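Before any comments, here is the structure.
Numbering (this note's numbering), first residue to last: 23 to 235.
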């Protein structure tokens, strides 16, 4: 299917195809509703001072956009890493979550940068135009939070500057309003768990809509 949200190599049975179509429809409907509700750009990190908060709920109540929490999982430069992200609406309800194992990278910083790049790409594919991305890496999120103007070359790691350049390029288009905020690690437990699951189970890229209503 063109909008394939759950990736696997198995032949889909007819009930699976029907279920996939329902998921795609619900994601499209949810995306349209959320975009209609949003007309305000993300607030700056200086305004929100998010690092004083200790939970996801605390952060979501202080923001005016969809919130995407992102993390990577890494053990060594020779083993697959993992990525995970979770998208919340302004009521604190999970809309979507994604996880995957990725090819080995040189450092935890590289894994987190790739996790963020994949999350940004997915938000664009699904048509979410106003999103704030959160993570616990100061080197990544403090660099990106200043209106996407920081130089990616200031980030350490062989692959990370390329990832950062991709993120900046994806976020700076005029029809998207993406913000980036550093948060405490204690606020990023959901994405961290997904990233570890993706790595440990050697998962393909799974993006799942959460029907919590």
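Note that CB positions come from ideal geometry on N, CA and C, so glycine has one too.
Values in this document were obtained by computation on a predicted structure and should not be read as measured data.
On a Cα-Cα basis, can you pick out the residue from the options that is closest to residue i?
{"i": "residue 165", "options": "189, 76, 111 and 214", "result": "189"}
{"i": "residue 229", "options": "133, 86 and 107", "result": "107"}
{"i": "residue 167", "options": "150, 204 and 231", "result": "204"}
{"i": "residue 113", "options": "81, 225 and 215", "result": "81"}
{"i": "residue 231", "options": "111, 119 and 110", "result": "119"}
{"i": "residue 90", "options": "77, 145 and 97", "result": "145"}
{"i": "residue 185", "options": "139, 196, 152 and 195", "result": "139"}
{"i": "residue 79", "options": "97, 225 and 110", "result": "110"}
{"i": "residue 86", "options": "153, 191 and 187", "result": "153"}
Between which two residues does the beta strand (DSSP E) holding residue i run?
{"i": "residue 196", "result": "Taken as a continuous stretch (DSSP letters only), residue 196 belongs to no beta strand (DSSP E), as it is neither H nor E."}
{"i": "residue 94", "result": "88-95"}
{"i": "residue 121", "result": "116-124"}
{"i": "residue 156", "result": "152-157"}
{"i": "residue 207", "result": "Premise fails: residue 207 is in no beta strand (DSSP E) and is neither H nor E."}
Spatial neighbours of residue i within its chain, please: CB distance less than 7 Å, with the 5 preceding and 5 following residues excluded, ordered by chain position.
{"i": "residue 94", "result": "103, 104, 105, 130, 133, 134, 136, 137 and 217"}
Report the rounded CA-to-CA distance for residue i versus residue j, giving the unit in angstroms.
{"i": "residue 220", "j": "residue 211", "result": "14 Å"}
{"i": "residue 92", "j": "residue 213", "result": "5 Å"}
{"i": "residue 222", "j": "residue 215", "result": "10 Å"}
{"i": "residue 88", "j": "residue 196", "result": "18 Å"}
{"i": "residue 96", "j": "residue 77", "result": "23 Å"}
{"i": "residue 157", "j": "residue 224", "result": "22 Å"}
Under 8 Å Cβ to Cβ from residue i, same chain only, skipping five residues before and after it: list those, please.
{"i": "residue 75", "result": "81, 84, 205, 206 and 209"}
{"i": "residue 191", "result": "none"}
Closer than 6 Å by C-beta to residue i: which residues in its own chain qualify, once you throw out the five before and the five after it? Chain order, please.
{"i": "residue 265", "result": "Nothing in the structure corresponds to residue 265, since the chain is present only between 23 and 235."}
{"i": "residue 198", "result": "151"}
Go to residue i, then tell me how far its alpha helix (DSSP H) extends in each direction, as first and last residue.
{"i": "residue 146", "result": "130-148"}
{"i": "residue 165", "result": "160-166"}
{"i": "residue 220", "result": "211-222"}
{"i": "residue 80", "result": "78-82"}
Under a CB-based cut-off of 9 Å, is residue i close to chain B?
{"i": "residue 210", "result": "Protein chain content of the structure displayed is limited to a single chain, and chain B is not contained in it."}
* Asked: Would you call the region 118-127 and the region 98-105 touching, i.e. three or more CB-CB distances under 8 Å?
  -> yes
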